[in-house]
Amino acid sequence: MNKFKITLGATTLIMVAVAIVACSKEKTAQQKTTTIQQPAESRDYTLAEMAEAMSWEEGKAFFENQPIKDYTSVCEKVVNDCGFDEKSSGFPYSIDWQWKISGGNCDSNYNGLCVVIKRKDNTVADANAMGYYEDGKLIIIPTTGDNGFTEDGYLAVGASIEIQNDSVLISEGIYTAYYDAELGRYVAVAVDYEPLN
Numbered sequence: 398m399n400k401f402k403i404t405l406g407a408t409t410l411i412m413v414a415v416a417i418v419a420c421s422k423e424k425t426a427q428q429k430t431t432t433i434q435q436p437a438e439s440r441d442y443t444l445a446e447m448a449e450a451m452s453w454e455e456g457k458a459f460f461e462n463q464p465i466k467d468y469t470s471v472c473e474k475v476v477n478d479c480g481f482d483e484k485s486s487g488f489p490y491s492i493d494w495q496w497k498i499s500g501g502n503c504d505s506n507y508n509g510l511c512v513v514i515k516r517k518d519n520t521v522a523d524a525n526a527m528g529y530y531e532d533g534k535l536i537i538i539p540t541t542g543d544n545g546f547t548e549d550g551y552l553a554v555g556a557s558i559e560i561q562n563d564s565v566l567i568s569e570g571i572y573t574a575y576y577d578a579e580l581g582r583y584v585a586v587a588v589d590y591e592p593l594n
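So, in structure tokens, the structure goes:
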């Protein structure tokens, strides 16, 4: 009788151990699936992740030979001079913070610049950024939480963008955003531009 109880107890322990291992493996598989799917649903890419996630049609070739342009010293100068208050030297802009693909369409899966509109009057009612011309650069300071920066602080401009209501063309490139340590976030970016006239 004791041998039967011992055998029954051992069998029960084995079944419980098998169940625990099976549940643990299932839970691990679910966690791996969730982790793998997460970046595809999010716009919070690093620059490298964004380049890797894109197809050739979306603009992967853009990242092949683009140097990173760092004009953060110009951004720092403007941010320190102007802060985030509206100044007479700044202009309000409405910006679509999406990736511009060939043909002029916007792709909401990726960060970047797609459409930039300079507001005709100096009100900020429809604006989500301020722009300042300094040292031959256009400094863009987002005024809302939305911006086109990658998680690691870059703005990728995949194609030249003509600013509506202005005679300026923003040059394509990868630009380093300025990080404000006090605020704990990226707050501005300086981009190359050329006049259209």
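If you number the sequence shown the way this note's numbering does, the last residue is 594 and the count never jumps. By construction, the Cβ of each residue, glycine as well, lies at the ideal position given by its N, Cα and C atoms.
Would residue i and residue j be called neighbours here (beta carbons separated by less than 8 Å)?
| i | j | result |
| --- | --- | --- |
| Thr547 | Met447 | yes |
| Thr595 | Gly550 | Absent from the structure is residue 595, since the part of the chain shown begins at 398 and ends at 594. |
| Val513 | Ile571 | no |
| Thr540 | Ala526 | yes |
| Lys466 | Asp589 | yes |
| Glu455 | Ile492 | no |
Any idea which residues DSSP pairs residue i with across the strands?
| i | result |
| --- | --- |
| Glu591 | Leu566 |
| Lys497 | Cys503 |
| Ala526 | Tyr490 and Pro539 |
| Ala574 | Val586 |
| Glu531 | Lys534 |
| Gln561 | Ile514 |
Which of the three DSSP states is assigned to residue i in this structure?
| i | result |
| --- | --- |
| Ser470 | helix |
| Gln435 | Any reading at Gln435 is ruled out, since the residue's pLDDT is 34, under 50, leaving its predicted position unreliable. |
| Leu580 | coil |
| Glu548 | coil |
| Ala553 | strand |
For residue i, which residues of its own chain have a beta-carbon under 7 Å away from its beta-carbon, when the five flanking residues on both sides are left out?
| i | result |
| --- | --- |
| Lys517 | Asn562 |
| Gly473 | Rather than Gly, the amino acid found at residue 473 in this sequence is Glu. Closer than 7 Å at the Cβ level, and outside the excluded window around Glu473, lie Tyr575. |
Below 8 Å on the Cβ atoms is my guess for residue i versus residue j; work out the distance and round it to an integer in Å.
| i | j | result |
| --- | --- | --- |
| Gly509 | Gly545 | 5 Å |
| Val584 | Asp532 | Actually they do not touch by this definition, with Cβ atoms about 18 Å apart. |
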